[in-house]
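Sequential numbering of the sequence shown, starting at 425, is according to my numbering. The next block holds one structure in the form of structure tokens; read it before the comments.
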Amino acid sequence: MQKEGQLVLLFIINPVSGGKEKTDWEVRIRDYFQSSPHRMEFFLLSGDADESSVRHHIESVKPDRVVAVGGDGTVKLVAEIVNGTGTPLAIIPAGSANGMARELGIPLDVTAALEVAVNGQARAVDMIRINREESCIHLADIGLNAMLVKYFEGSKGRGMWGYGRAVFRVLYEKQKLEVTIETDSGTERRKAYMVVLANARKYGTGANINPDGDVSDGAFEVVVIRKLNLVEIGKALLTNRSFDPKKIEVFKTKKARLTTRKRAYFQVDGEYRGKTRDVEAVIEPGALQMMLGVADEKKV
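Dropping the structure here:
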């Protein structure tokens, strides 16, 4: 029986995130709660029927908080499951990039992140419904970056070496898309290296693709990258500087449709989704409750 004032926290742990062993995260979490009245439950992702298993555990445990311990892929998996349920989602950043955690101001320090999970404030965050079948919490795109995601996933070498090889391959093969963009403002046709559906501001690398983005404003941005040279790509991949505003175009909207003349590489929240010619996107205002630090409320 749950005691008065006691929270039940279900930790969904990706044991391979960031190269950490799963026992590291369990030990650190248990140490934090050693003298706490709150109750912990753990579920380790295995890569086998994770979505249905996580849903089952949430239904069984009925937690006050669900805590994703992993990188952006883990956050996306759990966010889609708790989307619309009202159960707050907290993040313990344990991946390589941790783009969504950085976007929301979640501390990268484990103890500080646990403090937010327990004592932070639940705030409503938007999501983007993609092709009526999956939600995007962060960024989705067609073109150059999606090609990079595909090549990096298939790279034999991981880490910065594998990433560097994927970047050079993308630079060698890069081509412009011919894309029709339908938004609340009308229909435009553009030639571009990539088009981003941006709920947030930055990629996990720190590249600031959408400086005016706000994950709780009830809308998202369609960012069109029209020009791209080696310097611009390096800046985007290796720094947190914004893209040159003369080389991008931004449309703020609540819904969008992208149609390309040829099939283009497509990714959602860092997960490659294959080639496509047609992408539909609709905002889901306040679909997700996120645990944030009290000082970070104004950022959302």
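Even glycine gets a Cβ: it sits at the ideal position worked out from N, Cα and C.
Neighbourhood of residue i by C-beta, 7 Å cutoff - its chain only, sequence neighbours within 5 removed
| i | result |
| --- | --- |
| V542 | L431, H462 |
| K446 | Because K446 sits at a pLDDT of 49, beneath the cut-off of 50, its placement in the model cannot be relied upon, and the following sentence gives the value as read from the coordinates. So the list reads I437, P439, L468, once near-sequence residues are dropped. |
| H481 | L434, F467 |
Beta-carbon contacts of residue i that lie in its chain and below 6 Å, excluding the five residues immediately before and after
| i | result |
| --- | --- |
| N569 | M618 |
| W449 | I437, V493 |
Under the three-state DSSP convention, the category residue i falls into
| i | result |
| --- | --- |
| T535 | helix |
| R625 | coil |
| N634 | coil |
| E504 | helix |
| R489 | strand |
| T498 | helix |
Classification of residue i by the beta-carbon crowding that lies within 10 angstroms, buried from 16 upward
| i | result |
| --- | --- |
| A518 | buried |
| A537 | buried |
| E504 | buried |
| G694 | buried |
| K486 | exposed |
Reference residue i; option with closest CA among the options
| i | options | result |
| --- | --- | --- |
| T607 | K600, L621, K598 | L621 |
| A521 | F457, L532, E475 | L532 |
| K626 | P512, K651, V639 | V639 |
| E557 | A525, I515, N507 | N507 |
| R701 | Q713, D693, L682 | L682 |
| R697 | V603, I566, K427 | I566 |
| I561 | A548, K500, G610 | K500 |
| D474 | M715, G497, P487 | G497 |
| K670 | K651, K676, R613, T684 | K651 |
| R452 | K600, I530, E539 | E539 |
| D668 | E612, Q713, A631, I552 | A631 |
Cβ shell of residue i (< 8 Å), same chain only, five flanking positions each side left out
| i | result |
| --- | --- |
| K678 | D608, G642, A643, F644, V706, I707 |
| R454 | M464 |
| G429 | P461 |
| V674 | N634, D636, E645, V646, V647, V648 |
Any non-hydrogen atom of the ligand NAD within 7 Å of residue i CB
| i | result |
| --- | --- |
| T677 | In terms of ligand content, the structure shown is empty, and the ligand NAD therefore cannot be addressed. |
Legend entry - Segment contact flag, the stretch 631-638 with the stretch 691-710, C-beta cutoff 8 Å, min 3 pairs: no
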